[in-house]
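Notes follow once the structure below has been shown.
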Amino acid sequence: MISIVAKFEVNTGKEQKFLELVKELALVSQAEEGCIEYILHKDVQNPLIYCIIEKWKDQDAIDNHNSSAHFTEIVPRIVDITKAEINIYKPVLFLK
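Below, the structure is given as structure tokens:
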């Protein structure tokens, strides 16, 4: 499993557009082969900061996602109205 944490600081006045774009992206992404989880989170202190936490089966699933039509069409529109930071992680320790 590979996790992606995509953090966004949304430009003032663009919150609604951001949410519309992310919803459109998430609906299709969650249905993709290899997508385990795809959840949007909002910072509890700064209303302009969001992050998407994605969990994917493997690198092939991520590669397919990143080359999909919906990704290549929607993500540039999200980047245009945000400051984005993307980090990729692999699990090290899992406790129940």
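Each residue of the sequence shown is one higher than the one before, counting from 1262 in our numbering.
Each residue gets a CB set at the ideal place from its N, CA and C atoms; glycine is no exception.
Fair warning: this is a prediction, and the values are worked out from it, not measured in the lab.
Here Glu1315 is buried: its Cβ has 16 or more other Cβ atoms, across all protein chains shown, within 10 Å. A distance below 6 Å between beta-carbons, with the five flanking residues on each side excluded, links Ser1264 to the following residues of its chain, in chain order: Lys1316, Tyr1350.
Of the candidates Val1289, Lys1344, Glu1281, the residue whose Cα lies closest to the Cα of Ile1297 is Val1289. Between the segment 1292 to 1308 and the segment 1334 to 1345 there are fewer than three C-beta pairs closer than 8 Å, too few to call the two in contact. With 16 or more neighbouring CB atoms inside 10 Å of its own CB, Ala1322 falls in the buried class. Ser1264: not part of any alpha helix (DSSP H); member of the beta strand (DSSP E) spanning 1263 to 1271, first to last residue.
Taking the C-beta atoms as reference points, Phe1279 is found no nearer than 8 Å to Cys1312.
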